[in-house]
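Student: Starting off with a structure, shown below.
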Amino acid sequence: IVQFCIMSSLNIPIYLVLFLISQSITTILALDEHYCCPNTTTYNNITNTSYNSNLNLLLSNLSSASREHLFYNFSIDGTDNFETIYGLFMCRGDMLSVNCQDFVTRAVKDIISLCPGSKTVVLWRDDCMLRYSNQSIFPDPNYGSLINNPSTPFVLSNTNPITNNKHEQRRFKQILGKIMNDVTNRAASDDRSIDKKIAIREAKFSVNTTIYALAQCIPHMSSKDCLNCLQNAIKVLNKCCDVYRGARVQFPSCFMRHEVYRFYNVQGHDGISKKELVIICVVVAIVILLFLLSIGVFHLLQRRRRMKRNNKTLKEMNVDLSGILTAESLQYDFSAIEFATNYFSMENKIGVGGFGDVYKGELDNGQEIVVKRLSRRSSQGVEEFKNEVVLVAKLQHRNLVRLLGFCLEGEEKILIYEFVSNKSLDYFLFGTLVYTSHFSF
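Residue numbers -30 to -1, 1 to 411, in mature numbering (1 follows the signal peptide of the UniProt record, and there is no 0), belong to the letters of the sequence shown in order.
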């Protein structure tokens, strides 16, 4: 295929002069922009062909897709093969989506005017590529040999050699050759993501100089075609630029670049693929689920242990409580105690004891009571409860506050006493005294 290829080479002074002279220029090529128009694939009557309508529709679809993709391919079927059109764009795999979208938006505006009447066009700009053709550009048996011909690459380079020392130049070639082969093999075997068939490597040349390399193929290429394309790029690089500080070789289906500065986005390189991201999310979710499950099981076991300890304590207390479980001292339901104390409201709270809060309450029969609710945080609450019940039960006396009952339900440990209003000590010791007069004056 004979191709007409142009690379923008405007220097800065000329660029400024042209810009100042002509304000009507709407498109100015970037300094590293280049395009290729095979002169055997043109059509006549640009504005009145079905192909032109299909082309506009294709470019519109590519522009819309650039909002979400770094690579996208699309085709429009015509009434015959002559009017069918295929297109795609590819941005460097580490590029931000907004930058890729900017490239595609500008490229679809420029590409028709750059090659008017051409049915096959390839445009490169800033390591991004947009192309269309009336011949299939998707994988086919001749795909590799058709577009990877080493005689038709675009080459950009920094013409400054890495050093003028011949020995150091040979060492630079060896290091560069090794990392270029590494990125080639890596990219050719990298099928982890439809948006990225890309690889990077870096290697130290000297204390102050590091070589950075990147290779990328069109994602839907086979590993074999990708490998062939990048190997052709290496051949071109070795002939022209393997001692230069930087260079890039760009084919319509792959490209390769090296520099002595980091030109790619580190966070984006060889990035986590969608499949890997899904796997990571699933693993993290499973770990979190297992962690929460283990916490739940731990608390359940702890609760069962406490229940067993409570039951064991109740069994051990049976003998001591046998004198308590009478008509005057009963085991109360927790719900009854809640109701009596207005659900342990602050209005019913009358004090704080050594091991919990004290509430005033009233039973259904109108009897006023005092409820001592032992703290759940007390590690020895069950034993303290047992000791107090046994002790108070054995020491009941007319001069002591009478124990009416208890509640031991779940984690709740409650003692119920009779309520005695504040009076003088002689009332509790002697009751009501009646004084009579024995003397008259």
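Just so you know, even glycine gets a beta-carbon here, dropped at the ideal spot from N, CA and C.
1) Using a 10 Å radius around the Cβ and a threshold of 16 neighbouring Cβ atoms, would you call PRO123 buried or exposed?
2) Could you spell out where the alpha helix (DSSP H) holding CYS327 opens and where it closes?
3) Applying the 10 Å Cβ sphere with the 16-neighbour rule, what's the burial state of MET99?
4) For LEU66, which three-state DSSP category applies?
5) Buried or exposed: GLN71, going by 16 or more other Cβ atoms within 10 Å of its Cβ?
6) Please say whether SER33 and THR90 have beta carbons closer to each other than 8 Å?
7) Check for me: the beta strand (DSSP E) holding ARG372 runs from which residue to which?
8) Start and end of the alpha helix (DSSP H) containing GLU138?
9) Can you give me the C-alpha to C-alpha distance between ARG343 and GLY375, rounded to a whole angstrom?
10) If you follow the beta strand (DSSP E) that LYS174 is part of, which residue opens it and which one closes it?
11) Rounded to whole angstroms, what's the CA-CA distance from SER292 to CYS377? Just pull it up for me.
12) Give the range of the beta strand (DSSP E) segment to which PHE309 is assigned.
13) Pick helix, strand or coil for ARG218, following the three-state DSSP scheme.
14) In terms of DSSP beta bridges, what is GLU338 paired with?
15) Locate the beta strand (DSSP E) running through GLN186, then write down its first and last residues.
16) Considering only the beta carbon of each residue, do VAL125 and CYS196 sit closer than 8 Å?
17) Kindly give me the distance between the Cβ atoms of ASN128 and ARG215, rounded to whole angstroms, as I take these residues to be in contact under 8 Å.
18) Express the C-alpha separation of ILE168 and LYS194 in angstroms, rounding to a whole number.
19) Determine whether the beta carbon atoms of ARG171 and ALA157 lie at a separation below 8 Å.
Tutor: The answer reads as follows:
1) It is buried - the Cβ of PRO123 has at least 16 other Cβ atoms within 10 Å.
2) For the sequence presented, residue 327 should be read as Asp rather than Cys. From DSSP, ASP327 is part of no alpha helix (DSSP H) but of the beta strand (DSSP E) over 326 to 332.
3) buried
4) coil
5) buried
6) no
7) Segment: none, ARG372 is in no beta strand (DSSP E) and carries neither H nor E.
8) 136 to 159
9) 13 Å
10) 168 to 174
11) In this predicted model, SER292 has a pLDDT of only 49, less than 50, meaning its place in the structure is not dependable; the value taken from the coordinates is given anyway. Going from the Cα of SER292 to the Cα of CYS377 covers about 15 Å.
12) First-last for PHE309: 304 to 310, but that is the alpha helix (DSSP H), not the beta strand (DSSP E).
13) strand
14) Note: GLU338 is bridge-paired with GLU332 in the DSSP secondary-structure output.
15) Residues 180 to 187.
16) Contact flag unset, no.
17) 5 Å
18) Each residue's alpha carbon lies about 15 Å from the other.
19) no
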